[in-house]
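A.B. asks: First the structure, which I've put down as structure tokens, then a few questions once you've had a look.
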Amino acid sequence: MFIKQALYKILGVKNYLIVVSRLFFISYRLGWLKKDRTFDCHYFIKNLIRKGDHVIDIGANLGYYSRLFAKLVGRSGKVFSVEPVTLFRKILKINTSEFKNTTIIPYALGAEDNKSIEMGIPKSNKYLRHGLTRVLDIDEKEVFEFTFTEKMFTPVTLFGKFERCDYIKCDVEGYEIHIIPQLGFLLKPFHPIIQIEIEPVNRKQISNFLSSLSYSAFYLKDELLFPVGDHLDSIEGDLFFVPENKMKLIEPYLVN
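When you line the sequence shown up against this note's numbering, it's residues 5 to 260, in that order.
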């Protein structure tokens, strides 16, 4: 915590983000993050993604997941990294520059095309909380460290011509309620596995929507997948939604 504070003050925003992201990739590769539950999903996704897969990373931020996805899908696969914030996108581009299979999409996803939106990083007296960046409400009262004006487009405009989709990761700090229900045009024909960080207030609506498309919900604990069941409101961390035709893929990791 103190180290991040010091780095932020010394390096400035852009260089701080470059250094922090590089430290993440080094720590991940050396296995130093395996005991931190915050990163359980980062280590687990290798079991769900195969060579040649097409992955959409919604809320790519600095590319922590996008870079991992790019390695997992290999040269024959594709990764589409959705990141609207210009500052983060510069770091994302650096972190994925060695992968020709990665395309960066410079927009937010939402209900309208070509709409200008405000996004913000919550103010903290500790260090830059870049992972909490979110779309701002019109009557927003929270104090923000930085705000950005970016562009929004609908998922169908950006992904409507896709011919394949195997995996979707979505981490957009509550805005998933405006995105996931619009993805039916991808979910119905392609049946991707979906990994979502869902705000508690949105969980029931999103879970019901995906259940209507024959998806089952799971949470990760001790490298195993547990059915969500009646624990929807109490689970912490990402949820995994798996379609019927991909249940065999997760069988080795299902709790007995």
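The beta-carbon is built from N, C-alpha and C at its ideal position, and this holds for glycine as well.
Should Phe-43 and Leu-37 be called a contact, given that it needs their Cβ atoms to be closer than 8 Å?
C.D. replies: Within the sequence shown, residue 43 is the residue found at index 39, counting from 1. Within the sequence shown, residue 37 is the residue found at index 33, counting from 1. Their beta carbons are under 8 Å apart, which means Phe-43 touches Leu-37 by this criterion.
A.B. asks: Could you tell me how far apart the beta carbons of Leu-113 and Pro-185 are, in whole angstroms, since I believe they sit closer than 8 Å?
C.D. replies: Within the sequence shown, numbered from 1, the residue matching residue 113 stands at position 109. Within the sequence shown, numbered from 1, the residue matching residue 185 stands at position 181. Their Cβ separation, rounded to whole angstroms, is 11 Å, which puts Leu-113 and Pro-185 out of contact at 8 Å.
A.B. asks: Label Lys-104 either buried or exposed according to how many other C-beta atoms from any shown protein chain fall within 10 Å of its C-beta, with 16 as the threshold for buried.
C.D. replies: Counting from 1 along the sequence shown, the entry for residue 104 is found at position 100. Classification of Lys-104: exposed, given that the 10 Å Cβ count is below 16.
A.B. asks: I'd like to know whether the C-beta atoms of Leu-209 and Phe-244 end up nearer to each other than 8 Å.
C.D. replies: In the sequence shown, residue 209 corresponds to position 205, counting from 1. In the sequence shown, residue 244 corresponds to position 240, counting from 1. Going by the sequence as given, residue 209 is Gln instead of Leu. No, they are not a contact pair.
A.B. asks: Taking the alpha carbon of Lys-192 as the point to measure from, which residue in Arg-41, Asp-170 and Glu-180 has its own alpha carbon closest?
C.D. replies: As a first step, residue 192 must be located in the sequence shown, where it is residue number 188. Considering only alpha carbons, the answer is Asp-170.
A.B. asks: Buried or exposed, going by whether 16 or more other CB atoms sit within 10 Å of the CB of Asn-99?
C.D. replies: Position 95 of the sequence shown holds residue 99. Buried, since its Cβ has 16 or more Cβ neighbours within 10 Å.
A.B. asks: Please report how far the alpha carbon of Arg-138 lies from the alpha carbon of Asp-40, in whole angstroms.
C.D. replies: Here residue 138 refers to the residue found at position 134 of the sequence shown. Here residue 40 refers to the residue found at position 36 of the sequence shown. Arg-138 and Asp-40: Cα-Cα distance of roughly 24 Å.
A.B. asks: Please classify Ser-215: is it buried, with 16 or more other beta-carbons within 10 angstroms of its beta-carbon, or exposed?
C.D. replies: The sequence position of residue 215 within the sequence shown is 211, counting from 1. So Ser-215 ends up on the exposed side.
A.B. asks: In its own chain, which residues sit with a C-beta less than 6 Å from the C-beta of Phe-152, not counting the 5 before and 5 after it?
C.D. replies: Looking up residue 152 in the sequence shown gives position 148. For Phe-152, where only same-chain residues beyond five positions count, the Cβ hits under 6 Å are Val-89 and Met-123.
A.B. asks: Can you tell me whether Asp-242 is buried or exposed? The criterion is at least 16 other CB atoms within 10 Å of its CB, across all chains shown.
C.D. replies: Stepping through the sequence shown from its first residue, residue 242 is reached at position 238. Asp-242 is buried by the Cβ-count criterion.
A.B. asks: Taking just the CA atoms, how far does Ile-49 sit from Val-259?
C.D. replies: Stepping through the sequence shown from its first residue, residue 259 is reached at position 255. Stepping through the sequence shown from its first residue, residue 49 is reached at position 45. Spanning the two alpha carbons is a distance of roughly 17 Å.
A.B. asks: Taking Leu-66 as the reference, give the member of Leu-187, Lys-252 and Asp-175 with the closest Cα.
C.D. replies: Residue mapping note: residue 66 aligns to position 62 of the sequence shown, counting from 1. If we check each option's Cα against that of Leu-66, Asp-175 comes out closest.
A.B. asks: Quick check on the burial criterion: 16 or more other C-beta atoms within 10 angstroms. Buried or exposed for His-58?
C.D. replies: Sequence index remark: in the sequence shown, residue 58 carries index 54 (1-based). Buried: at least 16 other Cβ atoms inside 10 Å.
A.B. asks: Quick one: what's got a C-beta closer than 8 Å to Gly-78's C-beta in the same chain, skipping five residues either side?
C.D. replies: Within the sequence shown, residue 78 is the residue found at index 74, counting from 1. Lys-55, Gly-56 and Asn-105, listed in sequence order.
A.B. asks: How would you call Met-271, buried or exposed, if buried means at least 16 neighbouring beta carbons within 10 angstroms?
C.D. replies: For the chain, the structure presents residues 5 to 260; residue 271 sits outside this window and is missing.
A.B. asks: Which complete alpha helix (DSSP H) runs does the stretch 15-72 hold, if anything under 4 residues is left out?
C.D. replies: List check, alpha helix (DSSP H) in window: 17-33 and 44-48.
A.B. asks: Rounded to a whole number of angstroms, what is the C-alpha to C-alpha distance between Asp-234 and Val-147?
C.D. replies: Position 230 of the sequence shown, counted from the first residue, corresponds to residue 234. Position 143 of the sequence shown, counted from the first residue, corresponds to residue 147. Taking the straight line joining both Cα atoms gives about 36 Å.
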